[in-house]
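To keep things clear, I will list the structure first and then write my remarks on it.
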């Protein structure tokens, strides 16, 4: 934190602050791997897979190279391919949809629930058709989507549901862990995640033994035995250094979740009633782990500029919904197709919420937001 004449510098995320608390544990775990000289898969990865499966309420976990690959491999394991359709949300990170298109399938975008920014179950149900091979649900910003109606509709139509839980490890839906409700859950260990590694990493969790076996085969070029290939897979293996670091971090994960939740609750209270501002809505049956704390403002761009000028780190997740991305123009998406996702893209702004965020910095962020709102009101803007 820097404080110059009343102006602070507040990072959106400070990974160095987290590392400072576990430096000795991380270095010891890495040294053990270096001494073993076993870097690809192996005992550390298997130990992490067991720990993640247990934590997520699944029978199996398959470590892979990234969250993007976790989604891709889950789709591949279900046989998604050319001519198939996958119903998903347009308001998410790019790899949710790019994983579908890499297989020659078509993403079909269902608009979001404006209260949570997660996929709207009714809109998703309306888009399930004869070519639908899967529904790919995203648990955005650390909160699960409304899974019961999605699962009910998909089950009735014989369509499997995959959970993109890359932002939501540890989240709960009516007591059930994110990633344990559909046929498979996909996790990311990108450094900025609540459980972040030292680089890329991911995992597929499932209670379907056959799907887990296929995913394990696909991650090593489609072979169960070296140099013998049953199918064409990819090279997507979690390495032992990542597993060692993640095993250390798992010991602290629940404390970190609670730190984020405390900061979010504080923001909720401190920002309540600010004109033109909406704080995140978390459904009563959900437990959010706040991978991001995302507010909504009709003056988002002006607010973002003011906060950055004030030294506050903030970010837009996501500025362009996927149905309007240039690379997906061939799908025929147009402005107005998903109005709630488009509105969220114009209004959403993520604030610092990481567990080590100092109270003084948190107070500074809220004070600057309230100052912006007061200025706009004085100028005849938001009321």
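Numbering (the numbering used here), first residue to last: 142 to 524.
We put the beta carbon where it would ideally sit given N, CA and C, even for glycine.
Here the structure is a predicted model, which is why all the values come from computation and not from measurement.
Item                                                                                                                                   : Value
Integer Cβ distance of residue 329 from residue 208, believed to fall under 8 Å                                                        : 2 Å
Proximal residues to residue 142 (C-beta, below 8 Å), its chain only, five neighbours per side dropped                                 : Here residue 142 scores only 49 on pLDDT, less than 50, and its place in the model should not be relied on; the value that follows carries that caveat. For residue 142, where only same-chain residues beyond five positions count, the Cβ hits under 8 Å are 149, 150, 151, 499, 501, 502.
Collapsed DSSP secondary structure at residue 390 in the structure displayed                                                           : helix
Cβ pair count under 8 Å reaching 3, the region 263–275 against the region 292–301                                                      : yes
Uninterrupted alpha helix (DSSP H) stretches inside the region 423–492 (no shorter than 4 residues)                                    : 441–450, 480–488
Those residues which DSSP pairs with residue 300 across a bridge                                                                       : Answer is none; residue 300 lacks a bridge partner.
Residue 395 beta carbon less than 9 Å from that of residue 311                                                                         : yes
Close beta carbons around residue 389, own chain, < 7 Å, minus the five adjacent residues each side                                    : 163, 166, 167, 170
The region 282–296 touching the region 422–438, judged by at least three CB pairs closer than 8 Å                                      : yes
Contacts around residue 214, its chain only, beta-carbon distance under 7 Å, and the 5 residues preceding and following it disregarded : 205, 345, 356, 359, 360, 377
Start-to-end residues for the alpha helix (DSSP H) that takes in residue 513                                                           : 500–519
Cβ-Cβ distance between residue 230 and residue 405 below 9 Å                                                                           : no
Contacting residues, own chain, Cβ-Cβ under 7 Å from residue 565 (five flanking each side not counted)                                 : Outside the displayed range of the chain (142 to 524) lies residue 565, so it cannot be described from this structure.
Sub-9 Å separation of residue 295 and residue 269 beta-carbons                                                                         : yes
Three-way DSSP call (helix, strand, coil) for residue 216 in this model                                                                : helix
Cβ distance (whole Å) where residue 244 is taken to contact residue 222 below 8 Å                                                      : 6 Å
Cβ pair residue 333, residue 156 closer than 9 Å                                                                                       : yes
Residue span of the beta strand (DSSP E) that contains residue 337, given as start and end                                             : Where residue 337 is concerned, there is no enclosing beta strand (DSSP E), given that its DSSP letter is neither H nor E.
Three-state secondary structure (DSSP) of residue 314                                                                                  : strand
Spatial neighbours of residue 267 in its chain, beta-carbon cut-off 8 Å, leaving aside the 5 residues before and after                 : 251
Where residue 231 falls: helix, strand or coil (DSSP)                                                                                  : coil
Within 9 Å, strictly: CB atoms of residue 339 and residue 308                                                                          : no
Between the CA atoms of residue 326 and residue 352 - distance to the nearest angstrom                                                 : 11 Å
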